[in-house]
Structures are given as structure tokens and as C-alpha cells.
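If you want the working numbering, it's the 1-based position in the sequence shown plus 245.
For each residue, glycine too, the CB sits at the ideal point set by N, CA and C.
Accompanying notes for the structure given below.
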Amino acid sequence: MDAPLIRTLAGVHKSTMQKDALTHGVPYGSDLRFFTNYAKMQAVLYGPGDVALAHSLNEHVPMDEVLGVAEVIANFLLEW
């Protein structure tokens, strides 16, 4: 969790959203492992919504979260 990419994204998230980003590991797999394990790249899963709703009958993401994350990513790209 101490990679420059994660520190920068967490800082931009905090300054944009006015709250700390949740930084933790997850108990499921993703294709992100190919970037980190084989390409040796920094990578992070980041986005809106509640992962507990993913692939469920009630899967949804609140639009305000989508717009907030879009702003964070735009600000991150400007800073990175």
C-alpha cells in the first residue's frame, strides 16, 4: 500500500472528495494481477459502488459516486 501510485491516488481522492480513500486488500481475484505479477507495474483497483452488489440482481452504482470518481481520476491524471 506504499506504492507511489497508491499514495498519489489516495491524496487526490482526499483533496477531491474531502474524505480519506479506503485502502485495503480484497478477498477476490482480478486481472490486475497480470499487471503487477508479470509486467511488474504499479496498479490499483479504484472505483465507485459497493463491491458487495457486484454481479447481483440489485447491482447498481449511485450516479454521484460515478461523477465523484470521474473527477478524482481526472485530477489524478493531471497530478501523475
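Could you tell me the boundaries of the alpha helix (DSSP H) in which residue i lies?
i      : result
His258 : Pro249 to Met262
Gly294 : Run containing Gly294: none; DSSP gives neither H nor E here.
Leu267 : Neither: Leu267 is in no alpha helix (DSSP H) and is coded neither H nor E.
Leu322 : Met308 to Glu324
Buried or exposed: where does residue i fall if 16 or more other Cβ atoms within 10 Å of its Cβ makes it buried?
i      : result
His258 : buried
State yes or no: is the C-beta of residue i within less than 7 Å of the C-beta of residue j?
i      : j      : result
Val289 : Leu254 : yes
Asn320 : Thr261 : yes
Glu310 : Pro293 : yes
Could you check the C-alpha separation between residue i and residue j for me, to the nearest Å?
i      : j      : result
Leu298 : Glu304 : 5 Å
Asp295 : Val306 : 7 Å
Leu277 : Tyr291 : 11 Å
Thr281 : His300 : 25 Å
Measuring only between beta-carbons, confirm whether residue i sits less than 7 Å from chain C.
i      : result
Leu312 : No chain C is part of this structure, which consists of one protein chain only.
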